[in-house]
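Written below as structure tokens is the structure these notes are about.
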Amino acid sequence: MSFKVMLLPGDGIGPEVVDAAVCVIDKISNKFNLKFEFDRGLIGGCSLDQFGVPITDETLNKCLMADAVILGAVGGPKWESLQHNLKPEAALLKLRKSLELFANIRPAKVYDSLADSSTLKSDVLRGTDFVVVRELTGGVYFGTPRGFDDNRGWNTMEYSRYEVERIARHAFELSLTRGKRVTSVDKANVLDCSQFWRKIVHEIHKDYPEVTLNDMYVDNAAMQIVRNPKQFDVLLTSNLFGDILSDISGIITGSLGMLPSASLGKDHALYEPIHGSAPDIAGQNKANPIATIASVAMMFGYSLKNYEAAALIEKAIDKTLSGGYRTADIFSQGTVLLNTKEMTQMILKNIDEISD
Ligand code: IPM
Ligand code: MN
504 MSFKVMLLPG DGIGPEVVDA AVCVIDKISN KFNLKFEFDR GLIGGCSLDQ FGVPITDETL
564 NKCLMADAVI LGAVGGPKWE SLQHNLKPEA ALLKLRKSLE LFANIRPAKV YDSLADSSTL
624 KSDVLRGTDF VVVRELTGGV YFGTPRGFDD NRGWNTMEYS RYEVERIARH AFELSLTRGK
684 RVTSVDKANV LDCSQFWRKI VHEIHKDYPE VTLNDMYVDN AAMQIVRNPK QFDVLLTSNL
744 FGDILSDISG IITGSLGMLP SASLGKDHAL YEPIHGSAPD IAGQNKANPI ATIASVAMMF
804 GYSLKNYEAA ALIEKAIDKT LSGGYRTADI FSQGTVLLNT KEMTQMILKN IDEISD
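Here it is in structure tokens:
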């Protein structure tokens with residue numbers, strides 16, 4: 504039986520980093536004797552240019568039929584001023600909603616070899632290893648009514664019980680495989696929706712007595728991530744807060760170009776780098792493919808339950824960085840600058856070296 508992967512390279516550097524992902528999947532499938540079947544579709548600005556919509560029903564259906572979706576990035580200045588439902592971002596939101604990918608997993612792990620290249624102090628960063636569990640199909644991103652007219656703009660922040668319950672369970676379960684600590688991030692001092700969130704999270708916590716739960720306001724959490732990131736194990740939060748906190752986490756690990764993500768639902772899964780489409784370097788073979796390659800590692804773990812393959816990819820990334828190899832975004836004095844393709848090849852070579 505083959506594993507069906509739907510590739511959605513998207514805009515900007517998306518196609519380059521998705522190419523890197525395919526190289527890594529090919530390498531692993533040879534090593535582990537696995538069969539993959541690939542299909543491709545357009546998403547974002549490129550789909551809009553070709554079909555007049557940022558994602559077609561046909562592409563959406565192919566994603567629904569796939570075992571996993573790998574996405575590069577969407578968006579760019581060319582499409583920024585379009586109305587809401589035509590924007591490239593709308594396609595991503597539609598995809599998440601249609602596939603019911605309610606749990607967005609964004610690990611923030613500091614590679615030892617990169618701790619010195621961050622703008623933050625390396626002793627604050629070293630040893631940081633936490634995961635943001637972001638609710639992805641609800642909250643103010645999707646609440647209605649929404650809109651704006653000449654005098655007013657409005658959105659609705661709303662969570663139903665089942666939405667908070669399932670994401671809370673997901674976070675508690677994940678914490679059981681790690682440090683057994685969950686920090687639930689909200690704004691319960693101001694928002695009713697957050698008060699409700701907090702209440703439900705505590706109800707679900709009763710089923711996980713071995714997990715320590717604490718609550719934190721989002722403004723404080725933003726500060727704490729920068730002040731002392733090592734204190735966190737699992738950060739559980741809503742859609743908007745998770746969006747913001749995961750970018751902050753990005754800088755903790757040195758570069759957004761390092762951060763992978765998995766978006767999981769009951770029946771579907773999507774893997775994508777956290778970074779955007781980086782139109783300024785698109786097509787120049789300069790992008791850092793590591794976030795996408797690390798997203799592939801997450802796919803082997805979460806979707807294929809092949810933890811050996813996942814660990815092998817992660818180790819190969821680690822070895823490549825320890826060897827002093829860098830793309831432009833993480834380059835520093837005394838390291839070796841590689842382009843996208845060279846970095847990918849180096850990681851493939853290290854996969855071979857580690858597994859032989
Ligand atoms: C992300 C992005 C998206 C989001 C945009 C592109 C819709 O910023 O995945 O974090 O806000 O969720
Ligand atoms: Mn974001």
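Mapped onto my numbering, the consecutive letters of the sequence shown carry residue numbers 504 to 859. For glycine and all other residues, C-beta sits at the position ideal for the given N, C-alpha and C.
1) Taking the runs of the beta strand (DSSP E) that are 3 residues or longer, which of them lie wholly in the region 757–843?
2) Residues in its own chain within less than 8 Å of residue 619 by CB, not counting five upstream and five downstream?
3) I need the straight-line Cα distance from residue 645 to residue 530, nearest angstrom please.
4) Kindly indicate which residue of 556, 813 and 633 has the alpha-carbon position closest to the one of residue 729.
5) Answer with buried or exposed for residue 817, where buried requires no fewer than 16 other C-beta atoms within 10 angstroms of its C-beta.
6) Strictly closer than 6 Å from CB to any heavy atom of the ligand IPM: give me those residues in the order they appear in the chain.
7) Using a threshold of 8 Å, is the CB atom of residue 766 nearer than that to any non-hydrogen atom of the ligand MN?
8) Contact check, residue 800 vs residue 850 under 8 Å by CB: the rounded distance?
9) Tell me the residue span of the alpha helix (DSSP H) that contains residue 511.
10) By the 10 Å Cβ neighbour count, where 16 or more other Cβ atoms means buried, how is residue 749 classified, buried or exposed?
11) CA-CA distance, residue 779 and residue 611?
12) The ligand MN heavy atoms versus the CB of residue 749: any closer than 8 Å?
13) Express the C-alpha separation of residue 597 and residue 557 in angstroms, rounding to a whole number.
14) Mind checking which residues open and close the alpha helix (DSSP H) that includes residue 568?
15) Any heavy atom of the ligand MN closer than 8 Å to the beta-carbon of residue 516?
16) Rounded to whole angstroms, what's the CA-CA distance from residue 795 to residue 654? Just pull it up for me.
17) Mind checking who residue 726 pairs with in its DSSP beta bridge?
18) Comparing alpha-carbon positions, which option in 527, 605, 518 and 575 lies nearest residue 772?
19) Could you tell me the distance, in whole angstroms, from the CA atom of residue 739 to the CA atom of residue 685?
20) Going by C-alpha to C-alpha distance, which of 735, 544 and 715 sits closest to residue 723?
Here's the rundown:
1) 763–767 and 772–776
2) 625 and 835
3) 39 Å
4) 633
5) buried
6) 592, 595, 596 and 746
7) no
8) Not a contact, Cβ separation roughly 11 Å.
9) Not the alpha helix (DSSP H): residue 511 falls in the beta strand (DSSP E), residues 506–513.
10) buried
11) 17 Å
12) yes
13) 10 Å
14) 560–568
15) no
16) 42 Å
17) DSSP, once it has assigned bridges, lists no residue as partnering residue 726.
18) 605
19) 7 Å
20) 735
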